[in-house]
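Engineer: To convert a position in the sequence shown, counted from 1, into our numbering, add 99.
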Amino acid sequence: MRTESQSSAVFEAIQSEQFVSVRRRIFRQLIESLIYEGVISPEVEEQQGELRFTIQGQDESGHPVVYACQGKKRFTFGRIRLNSEPVVRIGNGEASEADSLAQFLLEIRNSLGADEGRLVTFINELEQTLFKDTLAQHYRFKTGKPMRESSYDDLEGDVMDGHPYHPSYKSRIGFTFEDQYRYGPEFKPEIRPFWVAVHKNWTRAAVSRRLNLKEFLLEELGPEQVAEFAATIRDQGLDPDDYLFLPVHPWQWENRIATSHLEDLREKRLILLGTSKDVYRPQQSIRTLANSSSPKKAYLKLAMSIVNTSTGRVLAPHTVENAPSVSDWLKELAAADRFLTEETRVVLLGEVAGISYDRPARSDLVQPSIYGVLGCIWRESLHSYLEKDEEAVPFNGLCSVDLDGRPFIEPWVREAGLENWLKKLFEVSILPIVHLLYAHGIALESHAQNMVLIHKKGIPSRLGLKDFHDGIRFSKAHLTAPEKCPDLLATPEYHARVNRNSFIETDDLALVRDFMHDAFFFINLGELALFLADHYGYEENRFWSLASEVIKTYQQRFPELKDRFKRFDLFAPTIEVEQLTKRRFYPDTELRIHEVPNPLSLCQEAAHAGAGK
């Protein structure tokens with residue numbers, strides 16, 4: 100798409116109905132999370148089975164204004180969910196739809212107690228989300244292709260709704276609108292990564308014990324391109340054996356590396372080699388590219404200096420170096436575990452190699468700004484695991500609505516019956532994740548982008564899991580086989596200061612359990628519970644009762660793990676979940692978490708009460 104036509108598309112999108120629907124969605128998620136996380140305390144009044152929330156503020160002249168909306172407190176983790184009616188702003192005796200996210204936050208900022216600089220940054224994230232998601236949703240509307248006709252690789256772009264709880268779910272800070280079209284997964288662009296040679300003296304590299312790094316890169320690139328790259332290095336009067344080949348996202352090369360690594364380029368510690376012969380397409384996470392020329396080749400997870408869902412998307416070198424060791428560890432545990440290999444047949448998409456350029460900065464003051472800006476993790480392709488009769492869908496696709504206004508899963512649940520389908524989904528998704536926690540002591544950050552549902556004509560058959568390098572948590576003292584745990588690099592202090600939640604090992608077992616509980620039950624299954632209630636009238640307490648039954652049946656089968664069931668108590672009355680919105684207003688000096696009611700516990704209490712009658 101040329102820049103002129105892109106500009107016309109942008110103007111058209113901003114005038115469209117999609118702009119309004121996206122703005123309303125962001126308003127809903129913003130207010131829901133502000134109330135739920137205790138950032139604001141609105142006045143609450145019950146009206147005809149719904150709650151009316153009134154939020155007080157004042158305009159720039161100091162006059163009072165009120166924002167009003169309606170919704171419910173849901174059974175699922177006590178979540179706040181607003182209805183589809185627009186948020187209303189009342190000021191100077193007039194009521195109208197609230198149409199400015201910035202105005203809303205500025206007019207209630209006295210209630211927020213937020214750092215002003217962080218507030219302005221967050222407002223920008225919300226407005227960028229409005230802009231970028233509008234472009235995506237309008238493009239989807241214009242192209243008009245139903246999701247149900249899409250393959251797995253297409254669905255990685257078609258499932259475009261982003262984080263269902265975080266209000267700045269598509270901010271992509273750093274992207275221009277041209278970048279959005281060039282690199283956004285919704286637009287299915289063809290991308291050829293740049294490749295650079297990185298001098299081994301300043302490079303961290305790791306590879307699975309099952310592979311040889313040189314042979315792996317030869318297979319991924321092909322002999323012809325490897326020979327061309329080696330010739331380019333020799334043309335500089337240098338020895339190819341002193342370098343490793345590293346892919347770079349085109350956006351990262353143009354916007355970061357070409358300017359931040361001038362000295363490295365001039366001194367030829369970095370050498371630009373050219374672009375990939377293979378064509379790639381971005382997955383939902385933007386920085387992970389799937390090889391569309393050779394789908395069974397590895398995915399590339401590349402460092403990108405953008406911010407999305409309020410998080411920088413670089414690749415910390417210590418996690419890049421840890422990646423193959425973590426994957427080897429998980430795969431070896433699974434291979435020796437018949438429940439995982441023969442019954443659940445879970446697919447662990449291993450991170451088989453990692454390379455990062457990590458030359459220290461001249462000063463500690465600037466080290467955090469360049470840490471992790473140039474690196475890649477190679478992840479196994481799902482296509483290497485799919486059997487002939489299997490298809491796959493990103494797990495968050497289960498909560499998607501197709502262009503006809505019906506849920507994506509509609510044909511599946513109609514054919515199988517909603518509850519039968521849901522029981523099968525729970526067995527496929529819950530069992531491998533809780534087994535890794537209970538039987539091995541390892542919690543996975545199994546949010547929806549880290550999970551793939553493998554199915555046979557819509558019937559769930561098994562689960563694909565990914566993103567392990569910084570998506571696990573454990574206490575070494577409470578691992579079933581601590582001697583098998585690899586020696587992993589710890590998080591550097593300057594990186595921990597930027598993200599207090601960036602650690603994988605802890606002695607606090609609640610932090611281990613809730614790492615999985617937050618991502619998998621709270622966000623992942625929690626959104627599905629709300630989705631099925633809203634679209635099918637399926638009761639949330641019935642949803643969580645079924646989930647509880649799957650876990651209880653598992654526990655009855657493995658009585659030898661009884662002590663571990665108590666240690667990692669998934670039925671605790673409350674769990675701690677991350678305050679994803681609150682942390683935007685305050686310095687990241689501590690974990691921002693709060694206790695919420697656990698629906699698994701509530702269902703267990705109800706079952707006990709019923710049994711006692």
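Here a beta-carbon is modelled for each residue, glycine too, at the ideal position from N, C-alpha and C.
(1) Could you compute how far the alpha carbon of residue 691 sits from the alpha carbon of residue 605?
(2) Kindly indicate which residue of 137, 253, 224 has the alpha-carbon position closest to the one of residue 405.
(3) Express the C-alpha separation of residue 165 and residue 192 in angstroms, rounding to a whole number.
(4) Can you give, in chain order, each stretch of the beta strand (DSSP E) that sits fully within the stretch 420-481 and has at least 3 residues?
(5) Using the Cα positions of residue 459 and residue 358, report the straight-line distance between them to the nearest angstrom.
(6) For residue 560, list the residues DSSP reports as bridge partners.
(7) Against chain B, with Cβ distances strictly below 7 Å, would residue 260 count as a contact?
(8) Is it buried or exposed for residue 519, if we count other Cβ within 10 angstroms and need 16 for buried?
(9) As a quick exercise: from 258, 297, 634, pick the residue whose alpha carbon is nearest that of residue 505.
(10) For residue 184, I'd like the list of residues in its chain whose CB is within less than 8 Å of its CB, leaving aside the five on either flank, ordered along the chain.
(11) Residue range of the alpha helix (DSSP H) that residue 528 falls in?
(12) The beta strand (DSSP E) with residue 574 in it runs from where to where?
(13) Would the stretch 396-414 and the stretch 459-478 be scored as touching if the rule is three or more Cβ pairs under 8 Å?
(14) Compare the Cα-Cα distances from residue 372 to each of 324, 378, 584 and report the closest residue.
(15) Kindly confirm or deny that the stretch 666-682 and the stretch 700-707 touch, where touching means at least three C-beta pairs closer than 8 Å.
(16) Measure the alpha-carbon distance for residue 247 versus residue 555 and round it to whole angstroms.
(17) What span of residues does the alpha helix (DSSP H) with residue 332 cover, start to end?
(18) Across the stretch 257-264 and the stretch 301-311, are there enough close Cβ pairs to call them in contact, namely three or more that are closer than 8 Å?
(19) Using the C-alpha atoms, what's the distance from residue 271 back to residue 623?
(20) List the endpoints of the continuous beta strand (DSSP E) containing residue 390.
(21) Can you list, in chain order, the residues of its chain whose CB lies under 7 Å from that of residue 469, leaving out five sequence neighbours each side?
(22) Do residue 440 and residue 531 come within 7 Å of each other at the CB atom, strictly closer than that value?
(23) If distances are taken between C-alpha atoms only, which option among 366, 425, 252 comes closest to residue 391?
(24) Measuring CA to CA, which of 370, 319, 322, 316 is closest to residue 338?
(25) Contact between the stretch 507-526 and the stretch 407-420 is defined here as three or more beta-carbon pairs at a separation below 8 Å; is this criterion met?
(26) Would you grab the beta carbon distance between residue 678 and residue 215 for me? Rounded to a whole angstrom, and I think it's under 8 Å.
(27) Which of the three DSSP states is assigned to residue 620 in this structure?
(28) Skipping 5 residues on each side, what residues in its chain have a beta carbon closer than 6 Å to that of residue 355?
(29) Leaving out five residues before and five after residue 295 in sequence, what residues of the same chain have Cβ atoms less than 7 Å from its Cβ?
(30) Mark residue 148 as exposed unless 16 or more other C-beta atoms lie within 10 angstroms of its C-beta, in which case mark it buried.
(31) Beta-carbon separation of residue 615 and residue 536 under 7 Å?
(32) Who are the near neighbours of residue 162 in its chain, counting only those whose CB is closer than 8 Å to its CB and skipping five residues on each side?
(33) Using the Cβ count rule (16 or more neighbours within 10 Å means buried), how would you classify residue 462?
(34) Are there 16 or more other CB atoms within 10 angstroms of the CB of residue 688, so buried, or fewer, so exposed?
(35) Measure the C-alpha to C-alpha separation of residue 631 and residue 363 and round it to an integer number of angstroms.
(36) What does DSSP give as the partner residue(s) for residue 156 in the beta ladder?
Structural biologist: According to the structure data:
(1) Numbered from 1 along the sequence shown, position 592 holds the residue referred to as residue 691. Numbered from 1 along the sequence shown, position 506 holds the residue referred to as residue 605. Rounded to the nearest angstrom, the two C-alpha atoms are 17 Å apart.
(2) Here residue 405 refers to the residue found at position 306 of the sequence shown. Residue 405 has its Cα closest to that of 224, out of 137, 253, 224.
(3) As a first step, residue 192 is located in the sequence shown; it is residue number 93 there, counting from the start. As a first step, residue 165 is located in the sequence shown; it is residue number 66 there, counting from the start. So the two alpha carbons sit approximately 10 Å from each other.
(4) 450-456, 474-478
(5) As a first step, residue 459 is located in the sequence shown; it is residue number 360 there, counting from the start. As a first step, residue 358 is located in the sequence shown; it is residue number 259 there, counting from the start. Cα to Cα, the separation comes out at about 16 Å.
(6) Taking the sequence shown and counting its residues from 1, the one referred to as residue 560 is at position 461. Answer is none; residue 560 lacks a bridge partner.
(7) The displayed structure is made up of one protein chain only, and chain B is not part of it.
(8) The residue given as residue 519 occupies position 420 in the sequence shown. So residue 519 counts as exposed.
(9) Position 406 of the sequence shown, counted from the start, is the residue given in the question as residue 505. Of the candidates 258, 297, 634, the one whose C-alpha sits nearest the C-alpha of residue 505 is 634.
(10) Taking the sequence shown and counting its residues from 1, one reaches residue 184 at position 85. Closer than 8 Å at the Cβ level, and outside the excluded window around residue 184, lie 168, 169.
(11) Indexing the sequence shown from 1 puts residue 528 at position 429. First-last of the alpha helix (DSSP H) with residue 528: 517-539.
(12) The residue given as residue 574 occupies position 475 in the sequence shown. Premise fails: residue 574 is in no beta strand (DSSP E) and is neither H nor E.
(13) yes
(14) Taking the sequence shown and counting its residues from 1, the one referred to as residue 372 is at position 273. Selected option, being the one with the closest Cα: 324.
(15) The stretch 666-682 vs the stretch 700-707: in contact.
(16) Numbered from 1 along the sequence shown, position 148 holds the residue referred to as residue 247. Numbered from 1 along the sequence shown, position 456 holds the residue referred to as residue 555. Straight-line Cα distance between these residues: approximately 14 Å.
(17) Your numbering for residue 332 matches position 233 in the sequence shown. Taken as a continuous stretch (DSSP letters only), the alpha helix (DSSP H) holding residue 332 covers 322-334.
(18) no
(19) As a working note, residue 623 is residue 524 in the sequence shown. As a working note, residue 271 is residue 172 in the sequence shown. When only Cα atoms are considered, residue 623 and residue 271 end up about 22 Å apart.
(20) Within the sequence shown, numbered from 1, the residue matching residue 390 stands at position 291. Segment 387-390, the beta strand (DSSP E) holding residue 390.
(21) Translated into the one-based positions of the sequence shown, residue 469 becomes position 370. Excluding residues within five positions, the ones whose Cβ falls inside 7 Å are 359, 460.
(22) Here residue 531 refers to the residue found at position 432 of the sequence shown. Here residue 440 refers to the residue found at position 341 of the sequence shown. The answer is no: Cβ separation not under 7 Å.
(23) Stepping through the sequence shown from its first residue, residue 391 is reached at position 292. Among 366, 425, 252, the Cα nearest to that of residue 391 is on 252.
(24) The count along the sequence shown starts at 1 and reaches residue 338 at position 239. The shortest C-alpha separation from residue 338 is found at 370.
(25) no
(26) Counted from its first residue, the sequence shown places residue 678 at position 579. Counted from its first residue, the sequence shown places residue 215 at position 116. In this structure residue 678 is not in contact with residue 215, their Cβ atoms being roughly 19 Å apart against a cut-off of 8 Å.
(27) As a working mapping, residue 620 is identified with position 521 in the sequence shown. Looking at residue 620 - three-state DSSP - the assignment turns out to be helix.
(28) Against the sequence shown, residue 355 aligns to sequence position 256. Only 404, 472 meet the Cβ criterion.
(29) Here residue 295 refers to the residue found at position 196 when the sequence shown is read from its first residue. These residues qualify, in order along the chain: 345, 347, 369, 370, 371, 372.
(30) Along the sequence shown, one-based indexing puts residue 148 at 49. Answer is exposed; the Cβ neighbour count stays below 16.
(31) Numbered from 1 along the sequence shown, position 516 holds the residue referred to as residue 615. Numbered from 1 along the sequence shown, position 437 holds the residue referred to as residue 536. Yes, the pair counts as a contact, with Cβ atoms nearer than the cut-off.
(32) Here residue 162 refers to the residue found at position 63 when the sequence shown is read from its first residue. Same-chain partners within the cutoff: 190, 191.
(33) Indexing the sequence shown from 1 puts residue 462 at position 363. Counting Cβ neighbours within 10 Å, residue 462 comes out exposed, since fewer than 16 surround it.
(34) In the sequence shown, counting from the first residue as 1, residue 688 sits at position 589. Counting Cβ neighbours within 10 Å, residue 688 comes out exposed, since fewer than 16 surround it.
(35) Taking the sequence shown and counting its residues from 1, the one referred to as residue 631 is at position 532. Taking the sequence shown and counting its residues from 1, the one referred to as residue 363 is at position 264. Approximately 53 Å, taken between the alpha carbons.
(36) Locating residue 156 in the sequence shown gives position 57, counting from the first residue. Beta-bridge pairing links residue 156 to 164.
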